[in-house]
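The structure appears below as structure tokens.
In UniProt numbering, the protein residues as written are 1 to 334.
The structure is reproduced here in structure tokens:
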């Protein structure tokens with residue numbers, strides 16, 4: 001069984017440095033941290049967590065508070081976050097507050113009572129009570145995906161320009177009636193993506209028509225109903241932007257229900273890529289979020305916050321990549 005000394009030899013550092021990286025007891029340069037974590041993974045080193053928690057008052061656990069785990073995007077975030085936490089010697093405790101602000105506070109309180117060392121939180125539409133609780137109890141916290149509070153470390157995608165890019169791409173195909181199926185009201189991602197959609201319309205000299213913006217509540221069934229409302233308009237859209245991948249499924253279902261062919265009758269572009277997006281017929285044009293980098297950055301920020309509770313908060317915005325396939329009317333490429 002590997003020891004801390006084995007890790008130190010492989011990483012070319014002292015055992016004290018290994019201890020600081022794993023326990024978060026002192027700031028360590030990012031390059032050194034990476035060397036140590038790589039050595040931990042290579043040697044399969046397993047720390048004595050019981051002894052360590054007694055000595056440091058830490059449990060080497062972190063909470064991940066994430067709604068809509070069935071959403072493929074959040075599933076990818078979960079997988080990447082768990083891998084990053086494990087590489088640092090941490091166990092990830094996952095809870096799903098189901099987009100309910102009251103239950104969000106309940107599960108965060110439970111995590112705190114279980115003495116997690118910190119929390120990564122994708123906040124609900126009304127997270128004020130939860131954020132106040134975390135601040136009051138000085139729980140190291142990183143906001144994930146939904147960036148709302150400059151007083152916390154946070155990491156997520158750049159939403160506004162990316163959604164503008166999707167809308168612009170549809171306009172490049174000559175579409176002037178472009179609909180938006182937007183996410184759950186109150187979420188920063190919903191607001192920012194709606195603003196990006198409107199930015200693109202204005203930049204093209206196209207009207208911002210409230211009839212063309214419908215709410216899909218960030219999930220499939222509501223998005224399917226919302227798309228049917230768009231299709232029932234006297235002057236229906238000839239293209240649709242879907243605000244996330246769960247809603248994209250609802251959009252495609254509604255178009256199928258109506259007997260419409262994509263992109264011949266209605267073009268589609270969507271925020272979020274997922275593993276089977278190129279299995280749709282036609283394959284989907286998307287803004288692909290760097291979910292692995294987002295999740296890994298969240299874990300790294302939390303480890304840094306645990307090590308340096310008084311450091312200034314950090315916000316990281318990571319840029320999605322436009323992946324052009326056939327659903328927008330292009331021949332398709334990656």
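Virtual Cβ for every residue (Gly too), placed ideally from N, Cα, C.
From this set, the options, which residue's C-alpha is nearest residue i's C-alpha?
i	options	result
residue 283	301, 249, 254 and 306	249
residue 37	84, 135 and 293	84
residue 7	43, 26 and 30	43
residue 165	5, 329, 139 and 320	320
residue 225	257, 203 and 322	257
residue 122	115, 131 and 243	131
residue 58	22, 80, 176 and 66	22
residue 231	179, 201 and 221	179
residue 41	16, 65, 2 and 60	2
For residue i, count neighbouring C-beta atoms within 10 Å of its own C-beta (all shown protein chains included) and say buried if the count is 16 or more, exposed if not.
i	result
residue 105	buried
residue 135	exposed
residue 327	buried
residue 208	exposed
residue 218	buried
residue 29	exposed
residue 138	exposed
residue 329	buried
residue 128	exposed
residue 308	exposed
residue 234	exposed
residue 19	buried
residue 145	buried
residue 265	exposed
residue 175	buried
Excluding five sequence neighbours on each side, which residues of the same chain lie with their C-beta closer than 8 Å to the C-beta of residue i?
i	result
residue 355	Within the shown structure, residues of the chain are numbered from 1 to 334, placing residue 355 beyond reach of any answer.
residue 125	99, 101, 184, 185, 186 and 187
residue 14	8
residue 262	252, 255, 268, 282 and 327
residue 190	182, 183, 184, 218 and 243
residue 311	304 and 305
residue 12	35
To which residues of the same chain is residue i closer than 6 Å at the C-beta, ignoring the five residues directly before and after it?
i	result
residue 142	120, 153, 298, 301 and 302
residue 295	77, 80 and 81
residue 177	237 and 238
residue 220	246, 249 and 250
residue 317	158
Assign residue i to one of three DSSP states: helix, strand, or coil.
i	result
residue 257	helix
residue 138	coil
residue 61	strand
residue 316	strand
residue 181	strand
residue 51	A caution first: residue 51 carries a pLDDT of 47, below 50, which makes its placement in the model too unreliable to give a value.
residue 325	coil
residue 289	coil
residue 3	coil
residue 91	strand
residue 100	coil
residue 262	coil
Hey, does residue i have any beta-carbon neighbour from chain D nearer than 8 Å?
i	result
residue 147	This model lacks chain D altogether, as it is built from one protein chain only.
Quick one: what's got a C-beta closer than 7 Å to residue i's C-beta in the same chain, skipping five residues either side?
i	result
residue 111	63, 93, 95 and 119
residue 291	73, 76, 77 and 80
residue 109	133
Please report the Cβ distance between residue i and residue j, rounded to the nearest whole angstrom; I am assuming they are in contact, meaning their Cβ atoms lie under 8 Å.
i	j	result
residue 167	residue 201	7 Å
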